[in-house]
Structures are given as structure tokens and as C-alpha cells.
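**Student:** Dropping the structure in here first, questions after.
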Amino acid sequence: MKRTDQVLPVLFTSHGNPMDIPIPAYGNPFTSYLGDTGKQIREKYKVNAILVVSAHWCTNGTYVNTSPWPETLYDYYGFPANYYTEKYPAPGAPEIAKVIASNISTINETTDWGFDHGNWPMLKHLFPKADVPVFQLSIDYYKPPQYHYDLALQLKKYRKKGVLIIGSGALVHNLQLAMAKMQRRDTKLYGWEMEFDSWIKQRIDARDLKSIINYETNKLGLLAAPTPDHYVPLIYSMALADSRDEIIHTYSEMLPGFSNRSFIIEQVDK
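The sequence shown runs 1 to 270 under our numbering.
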């Protein structure tokens, strides 16, 4: 039975390894986690729209996509031909996107973006029918973490309006060091990524927003997130939590230089 209070959950999720893109539904543990999570959400809630804060839309300024039919973007390079043929044909959500832009002065409207690979490779497993409107919010690459937290607070009310908000990134994302291992086909962890993942999990569970926002002060912070793009979606997701929410870790996997840890923030009766 669907919940009647309709305070939608919030997700923070990895969008996985690009090598996962052609893998079918329930084809590996990661896509299975996404499929199960999406099924549980659809059983409990009526989702009117999905807002994705993707690590792969970084801009100067903050933008929301108001296109009625965003295109599927293939913003990655050097992969086999079948990586460039899939489509995620969900409609956009221009009405709610325009409302958000009009209500939050720092957000600008644009139609110059589509569904990037922080979005559709994940959503095709969460909502495989592509029948729920989807729009994206960009990450202002040049703003500090506190800016993103303050902006995210203004989005919280949309949880009560049927909007499922998803932060799509990675708690650990050091592409340079990850590639150094991948090129040698070395799957052994460095070790530091496990240490940072454990620390950030503790901070998430403790709702320690100060430490999460100021992650760069951790001794491993800039090693785990040498650029802010994949970390910032975590800040958006955590800012949307309130005291009635539980944080449930839904997936955990470590790769050299990467953490695929994912969780759901969901209201419970107390």
C-alpha cells in the first residue's frame, strides 16, 4: 500500500562503473540493488517527478533543465558502439523545474542539457519504464560546499510535492589513481579509500553535517575527492534529511580509488 503522507525519500547513489552501462536489469549486484530500490519506492510512493543532482553536470552558476523531452547524452569516450545506442526516453518536468527556478533566485533555467551518465544509466534500473518525468539540477563547480548545502535546504519542501530527489555521485572518486590501477588490471585497494569510506559512513550515520560539509579538512578528504563534482551530490542528499528520517545503507562496494556506497533517506513513524 502506498503511503498517504507522501513525504518522498531521498537517495544518494553511485551511478556505477561506466562498464556497467550495457549490463541488463539484475545483471550484477549493483544493477540488482538499483532494481530492488526502485521497486520498493514504486510500491510505497506516488512519484510525480524525479530530480537528479548529477556529478556529470557541472556549470558556472546553478541551472535546472526545463526541457520537455531531454535527450540521452553519451558524455563518455572510447567505449564500444553499443554504449552509444541506448536511450532513456523519460519526459522532462518543465513545470516543476520552472517553479523551482522561480522560487530559488540562484537557480537559472536552461534547455541546453539532457540526461547525462550520472543520470540515465542509474535510472534505467531504478525506473526502467521511463514513465516518470525527470529533470536535473546542475552543480556550480566554483561554489564552496556550504553553498550547495544552503541551496539544498530550499529543495526540502519538494519532498512533500511528489519529487524524488537523487544525489548521484561517489563518496570516493579519485579517477587518476583509479586509472593507474585499472591500466595494470590491479584490483587491490590502496587502503586509504576504505578508511575514508568508513569515516564518511560514520559521519552520515551521526548526521554530522559540519564534518560532511567540511570534508576537505579530513586528512584524506582531498585524496578521496580531489575534485568536488562527485562528492557534492552527497551534500544535497544529506541536507534534505530531517529528524523523522532513517538513513539506510543500500549498497556498499569498494574499488581502487572508488566507493560505490549508496543509501536511502526515508521518513519513519516515531
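All C-beta atoms in this analysis are idealised placements derived from N, C-alpha and C, irrespective of residue type, glycine included.
Less than 7 Å separating the beta-carbons of S262 and S67?
**Tutor:** Position 262 of the sequence shown, counted from the start, is the residue given in the question as residue 262. Position 67 of the sequence shown, counted from the start, is the residue given in the question as residue 67. For S262 and S67, no; Cβs fall outside 7 Å.
**Student:** Which residue marks the beginning of the alpha helix (DSSP H) containing Y84, and which one marks its end?
**Tutor:** For the purposes of this step, residue 84 is taken as the residue at position 84 of the sequence shown. No alpha helix (DSSP H) holds Y84; DSSP gives it neither H nor E.
**Student:** By the three-class DSSP mapping on this structure, what secondary structure does G162 have?
**Tutor:** Start at 1 with the first residue of the sequence shown, and residue 162 comes out as number 162. Here G162 carries a coil assignment [DSSP, helix/strand/coil].
**Student:** Out of Q267, E266, M254, which one is the CA nearest neighbour of N17?
**Tutor:** Residue 17 sits at position 17 when you count from the first residue of the sequence shown. Checked all of Q267, E266, M254; the closest Cα to N17 is M254.
**Student:** May I ask you to report which of helix, strand or coil DSSP gives T66?
**Tutor:** Counting from one through the sequence shown, the residue named residue 66 turns up at place 66. Correct three-state label for T66: coil.
**Student:** May I ask you to report which of helix, strand or coil DSSP gives N17?
**Tutor:** Here residue 17 refers to the residue found at position 17 when the sequence shown is read from its first residue. Note: N17 maps to coil in three-state DSSP.
**Student:** Do you know whose CA, among F258, Y251, Y33, lies nearest L189's CA?
**Tutor:** Walking along the sequence shown from the start, residue 189 turns up at place 189. Closest by alpha carbon: F258.
**Student:** When you compare the CB positions of W192 and L171, do they come within less than 7 Å of one another, or not?
**Tutor:** Within the sequence shown, numbered from 1, the residue matching residue 192 stands at position 192. Within the sequence shown, numbered from 1, the residue matching residue 171 stands at position 171. No, these two residues do not count as a Cβ contact at 7 Å.
**Student:** DSSP beta-bridge partners for T111?
**Tutor:** As a working note, residue 111 is residue 111 in the sequence shown. Answer is none; T111 lacks a bridge partner.
**Student:** H125 by DSSP, collapsed to three states: which one?
**Tutor:** For the purposes of this step, residue 125 is taken as the residue at position 125 of the sequence shown. It is helical.
**Student:** Compare the Cα-Cα distances from T217 to each of W199, P233, H230 and report the closest residue.
**Tutor:** The count along the sequence shown starts at 1 and reaches residue 217 at position 217. Taking only the C-alpha atoms, the option nearest T217 is W199.
**Student:** Hey, F12 and G118: beta-carbon distance below 7 Å or not?
**Tutor:** Within the sequence shown, the letter at position 12 stands for residue 12. Within the sequence shown, the letter at position 118 stands for residue 118. With contacts defined by Cβ atoms closer than 7 Å, F12 and G118 do not form a contacting pair.
**Student:** If contact is defined by three or more beta carbon pairs under 8 Å, each pair taking one atom from either stretch, is the segment 152–162 in contact with the segment 43–63?
**Tutor:** yes
**Student:** Assuming contact is defined by CB atoms lying nearer than 7 Å, are Y88 and W120 in contact in what I supplied?
**Tutor:** In the sequence shown, residue 88 corresponds to position 88, counting from 1. In the sequence shown, residue 120 corresponds to position 120, counting from 1. Closer than 7 Å, so yes.
**Student:** The alpha helix (DSSP H) spanning T37 covers which residue range?
**Tutor:** Here residue 37 corresponds to residue number 37 of the sequence shown, with the count starting at 1. Note, T37: alpha helix (DSSP H), 29–44.
**Student:** Assign I265 to one of three DSSP states: helix, strand, or coil.
**Tutor:** The residue you call residue 265 lines up with position 265 of the sequence shown. If DSSP states are grouped into helix, strand and coil, I265 belongs with the strands.
**Student:** Could you check if T187 is buried or exposed, using at least 16 other CB atoms within 10 Å of its CB as the buried criterion?
**Tutor:** In the sequence shown, counting from the first residue as 1, residue 187 sits at position 187. Exposed.
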